[in-house]
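One structure is given here, and the rest of the page talks about it.
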Amino acid sequence: MREDKELQEFRNLMSQPETYEEGFGWRTVAMALFVGLLMAPAQMYMQLVAGIEMGPAAQWVTVILYVEVARRAFTELKRPEIFVLFYMCGAVIHSTGGLLWHQFLVQSEELRKMGITEYIPQWYAPGNPDILSQRNFFMAEWMVPIGLMLLMLFITRLDHFGLGYIMYRLTSDVEKLPFPMAPVGAMGMTALADASGQKDTWRWRTFAFGGMGGIVFGFLYLAIPNITGALFSEPVRLLPLPFVDLTGYTETILPAMPMMISFDLSFVVLGMVLPYWAMVGSFIGLIFTLILNPVLYHTGVLHSWTKGIGGIQTIQSNTMDFYFSFRIGLMFAVAAIGVFHVIRSFRGKEGQAGEGGQKVEWRRLFKPPADRGDIPIWVAVAIYTFSTCTYIAVGYYLVNYASGPLHGAKFPLWLLAFYGFVYTPFISYVSSRMEGIVGQQVRVPFVREATFILSGYKGAAIWFAPIPFHDYARQTRFFRTTELTGTRFTSIIKSELLIFPIMALGLVFFSQFIWSIDNVPSEMFPYANEFWELRAYQQGLMYSATLPGEAASPFREAFRPEFLGIGFGLATAVYAVLAHFGLPIFLVYGVVRGLDQSVPHAIIPMFIGALLGRFVFSKRFGDQWPKYRVVFRAGFAAGVGLITMLSLGVVLMSKSVIKLPL
26 MREDKELQEF RNLMSQPETY EEGFGWRTVA MALFVGLLMA PAQMYMQLVA GIEMGPAAQW
86 VTVILYVEVA RRAFTELKRP EIFVLFYMCG AVIHSTGGLL WHQFLVQSEE LRKMGITEYI
146 PQWYAPGNPD ILSQRNFFMA EWMVPIGLML LMLFITRLDH FGLGYIMYRL TSDVEKLPFP
206 MAPVGAMGMT ALADASGQKD TWRWRTFAFG GMGGIVFGFL YLAIPNITGA LFSEPVRLLP
266 LPFVDLTGYT ETILPAMPMM ISFDLSFVVL GMVLPYWAMV GSFIGLIFTL ILNPVLYHTG
326 VLHSWTKGIG GIQTIQSNTM DFYFSFRIGL MFAVAAIGVF HVIRSFRGKE GQAGEGGQKV
386 EWRRLFKPPA DRGDIPIWVA VAIYTFSTCT YIAVGYYLVN YASGPLHGAK FPLWLLAFYG
446 FVYTPFISYV SSRMEGIVGQ QVRVPFVREA TFILSGYKGA AIWFAPIPFH DYARQTRFFR
506 TTELTGTRFT SIIKSELLIF PIMALGLVFF SQFIWSIDNV PSEMFPYANE FWELRAYQQG
566 LMYSATLPGE AASPFREAFR PEFLGIGFGL ATAVYAVLAH FGLPIFLVYG VVRGLDQSVP
626 HAIIPMFIGA LLGRFVFSKR FGDQWPKYRV VFRAGFAAGV GLITMLSLGV VLMSKSVIKL
686 PL
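See the structure below:
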């Protein structure tokens with residue numbers, strides 16, 4: 026297999042920092058309080074009113090506001106300070122809203138019809154109508170659910186420095202994988218740091234140009250529907266959201282093939298950033314699926330598909346019939362390929378050549394760069410072991426001893442241990458390696474659900490219990506981005522110590538404030554009022570699979586070992602053929618990604634972006650294009666975020682208008 030030139034190209038987008046600085050200080054503390062007091066409740070409210078996820082948009086808006094305030098105060102912000110603020114903003118914003126969903130779920134009409142409500146444990150939410158009618162979280166009956174939620178929030182934040190950090194040290198320090206998406210956020214921070222210092226650099230100009238593009242596109246794609254939806258009875262959509270479904274037009278010729286195309290320009294920009302050969306591989310995999318699905322349908326494998334169900338339902342039915350097991354086989358193949366590369370690196374004649382041609386040295390796992398603020402690897406192992414054991418102990422106790430009478434066998438302890446000490450490390454390594462090579466993560470659907478169903482457990486408590494079932498690939502990339510910004514890891518640890526109490530207090534007090542206004546859901550919160558019961562119904566279908574009784578579950582039929590073998594064999598065969606002809610390694614992972622049919626609407630625009638980047642912009646900008654594209658994408662995301670926040674302001678104002686009686 027030929028090692029890609031793009032591997033080193035992506036790794037060299039940003040040079041390794043010579044020094045690492047603290048990004049945590051009094052200025053970041055002040056902005057963290059701003060985020061916790063204003064942005065977090067705004068996020069919670071917008072989710073209930075409009076179903077809008079403010080996450081990245083709110084992060085960029087907060088950081089840009091911070092930069093502008095500093096400029097007018099004639100203060101220059103360091104890149105680590107900007108990065109730490111960005112991190113804290115994202116953590117606080119994404120931590121709200123859970124309690125409101127808990128109180129709704131125990132009152133859900135759909136779950137009551139399915140007979141699930143009586144099996145929801147008291148440690149999740151009290152089911153007494155007299156308690157719920159008080160709309161008050163500060164009651165004794167809510168202390169256990171709130172305490173459990175805060176405990177698991179603490180374990181989750183602590184766990185970030187466990188297996189995710191170990192995977193980062195392994196894939197970045199030892200294997201030297203490029204992590205192509207890590208420089209995107211890092212270079213965006215660099216551009217804002219240049220702006221803070223009033224430096225007219227190419228980074229800031231490129232970031233600003235991307236920002237203008239994001240504003241224009243965001244206005245057409247998101248702002249107009251948001252604003253018109255707030256002012257009129259029906260929103261005006263210039264472009265279809267989130268994609269246009271062509272399955273109904275192609276199902277006669279291509280049965281069981283989801284045909285969807287997204288007009289989201291973000292996918293095109295993303296295709297410019299990701300490795301070219303990975304995008305080519307994804308497109309090849311999509312074409313192969315285009316041929317495979319009709320064949321599987323005519324041979325009776327995709328038997329659940331019927332005409333007229335649309336693209337999303339086609340994907341769901343295909344997943345149950347074939348792709349659930351097929352994707353597991355693909356995942357095992359990716360893992361096998363990764364292990365093969367690691368083993369080959371140690372047996373190479375030239376001293377263990379790594380993924381990008383570097384020498385693989387295990388001593389890097391125990392001797393990190395000086396002054397980076399690393400924690401000892403044994404501490405990370407201890408954190409991972411402690412958090413996993415806590416998940417296992419708490420989950421096992423809650424499900425088997427704190428959820429009322431059992432209706433069958435206990436949920437097996439060995440399965441919880443398997444989640445924590447076998448599956449989680451396995452999927453985290455596979456997904457981290459995929460993230461490190463092509464900027465994408467591995468997702469295998471229904472593994473958690475299928476094992477619940479096949480375990481023999483009867484009841485519903487397991488669906489609400491904390492279990493050690495995680496994928497730490499995102500955290501692995503986060504540590505690489507932290508490194509590229511020159512931020513000491515101790516800054517992140519200090520940030521966690523600050524934001525945890527903010528998150529904990531916000532989780533309880535803001536939930537109480539909103540619940541005290543009116544019932545959630547209600548007419549006061551239209552999105553929740555319209556969609557929460559639908560969401561509960563969809564989840565209830567899964568929960569009902571483990572209820573006491575002999576009703577058959579379709580998930581028992583989803584796991585097919587022969588299809589798993591086909592996925593594994595096909596992926597390894599593709600790898601062997603490409604390796605034989607010396608084709609780029611990016612192509613292998615791209616083909617595997619295209620084969621799982623999970624994102625057909627995104628592959629086509631991303632492939633178009635890859636072609637534009639390779640044959641248009643690369644020729645126009647030459648050797649600087651690899652650096653331009655990642656900064657441009659960061660600016661584009663910031664621009665979309667800014668215009669989205671402005672449009673949401675209009676939505677908020679429209680929802681706050683009180684009509685006077687005539």
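Heads up: the sequence shown begins at 26 in our numbering, then just goes up one per residue. C-beta atoms are modelled at their ideal positions from N, C-alpha and C, and glycine is treated no differently. Please read all numbers here as calculations on a predicted model, not as lab measurements.
What is the DSSP secondary structure of residue i, counted as helix, strand or coil?
i: Asp270; result: strand
i: Met285; result: strand
i: Glu460; result: helix
i: Thr512; result: strand
i: Glu46; result: strand
i: Lys374; result: With a pLDDT of only 38 at Lys374, under the threshold of 50, the placement of this residue in the model should not be trusted; the figure read from the coordinates follows. Looking at Lys374 - three-state DSSP - the assignment turns out to be coil, as it is neither helix nor strand.
i: Arg262; result: coil
i: Thr196; result: helix
i: Pro689; result: Residue 689 cannot be examined here, being either before or after the span of the chain that is shown, 26 to 687.
i: Asp399; result: coil
i: Gln41; result: coil
i: Gly333; result: coil
i: Ile278; result: coil
i: Asn318; result: helix
i: Glu474; result: helix
i: Tyr497; result: coil
i: Val54; result: helix
i: Tyr422; result: helix
i: Ser133; result: coil
i: Phe525; result: helix
Near residue i, what residues of its chain come up, given a Cβ to Cβ distance below 8 Å and the 5 sequence neighbours on each side ignored?
i: Pro66; result: Thr121, Gly531, Phe535, Phe538 and Ile539
i: Leu315; result: Leu279 and Met282
i: Gly354; result: Phe588, Leu589, Gly590, Ile591, Gly592, Phe593, Gly594, Leu595 and Ala596
i: Gly239; result: Gly660, Phe661, Ala662, Ala663, Gly664, Val665, Gly666, Leu667 and Ile668
i: Gly236; result: Gly660, Phe661, Ala663, Gly664 and Leu667
Based on Cα-Cα distance, which residue from the options lies nearest to residue i?
i: Glu46; options: Val602, Asp399, Leu637 and Phe477; result: Asp399
i: Trp439; options: Val447, Pro630 and Gly310; result: Val447
i: Leu125; options: Val655, Gly590 and Asn544; result: Asn544
i: Gly296; options: Leu667, Gly666 and Ala627; result: Ala627
i: Tyr274; options: Phe163, Gly335 and Leu178; result: Gly335
i: Asp184; options: Gly647, Thr449 and Ala475; result: Thr449
i: Phe556; options: Glu43, Gly48 and Ser133; result: Ser133
i: Ile340; options: Leu431, Met285, Leu603 and Gly647; result: Met285
i: Gly48; options: Met214, Glu106, Ser480 and Gln649; result: Glu106
i: Pro170; options: Phe451, Trp229, Glu460 and Pro491; result: Pro491
i: Val298; options: Thr324, Gly660 and Val655; result: Val655
i: Ser569; options: Asn554, Glu521 and Phe477; result: Phe477
i: Leu636; options: Pro300, Pro319 and Pro394; result: Pro300
i: Arg513; options: Met56, Lys103, Leu73 and Thr87; result: Lys103
i: Val269; options: Pro625, Gly660 and Gly674; result: Pro625
i: Glu143; options: Val109, Gly660, Leu572 and Arg230; result: Leu572
i: Pro267; options: Tyr322, Asp289 and Val261; result: Asp289
i: Ala442; options: Thr331, Leu247, Gln466 and His495; result: His495
i: Leu620; options: Phe436, Leu479, Pro586 and Phe313; result: Phe313
Using a Cβ-Cβ cutoff of less than 7 Å, which residues in the same chain neighbour residue i once the five nearest sequence positions on both sides are dropped?
i: Leu173; result: Trp148
i: Met549; result: Ile542 and Asp543
i: Arg502; result: Phe204, Met206, Ala207 and Glu460
i: Gln41; result: none
Taking Cβ positions only, does residue i come closer than 8 Å to chain D?
i: Tyr482; result: The structure shown contains no chain D; it is built from a single protein chain.
Skipping 5 residues on each side, what residues in its chain have a beta carbon closer than 6 Å to that of residue i?
i: Pro146; result: Ser428 and Ala486
i: Val616; result: Gly306, Ile309, Gly310 and Val599
i: Met139; result: Gly565 and Ser569
Run through the segment 139-183 for me and flag every whole alpha helix (DSSP H) of 4 or more residues, listed as ranges in chain order. 154-157
Three or more C-beta pairs under 8 Å: does that hold for the segment 117-137 against the segment 503-510? no
If you scan the segment 580-629 from start to end, which runs of the alpha helix (DSSP H) of 4 or more residues do you find wholly inside it? Segments of the alpha helix (DSSP H) lying fully in the segment 580-629: 586-605 and 610-620.
The segment 600-619 touching the segment 298-317, judged by at least three CB pairs closer than 8 Å: Yes, the segment 600-619 touches the segment 298-317.
4-residue-minimum alpha helix (DSSP H) runs that sit fully inside the segment 95-131, ordered along the chain: 104-118 and 123-130
Touch test, the segment 351-360 against the segment 450-458, Cβ-Cβ under 8 Å, three pairs minimum: Touching, yes, given that three or more Cβ pairs across the two stretches are closer than 8 Å.
Tell me, please, whether the segment 472-491 touches the segment 632-645 by the rule of three or more beta-carbon pairs shorter than 8 Å. no
Counting pairs of Cβ atoms below 8 Å between the segment 549-565 and the segment 96-103, do you hit three or more? no
Given 8 Å as the limit, is there contact between the segment 408-424 and the segment 174-190, that is, 3 or more CB pairs closer than that? yes
Hey, is the segment 470-477 in contact with the segment 341-357, meaning 3+ C-beta pairs nearer than 8 Å? yes
Does the pairing of the segment 235-251 with the segment 656-666 give three or more beta-carbon distances under 8 Å? Under the three-pair Cβ rule at 8 Å, the segment 235-251 counts as touching the segment 656-666.
Completely contained alpha helix (DSSP H) runs for the segment 639-667, where each covers 4 or more residues: 643-646
Taking contact to mean 3 or more Cβ pairs, one atom from each stretch, closer than 8 Å, check whether the segment 509-528 and the segment 48-63 are in contact. yes
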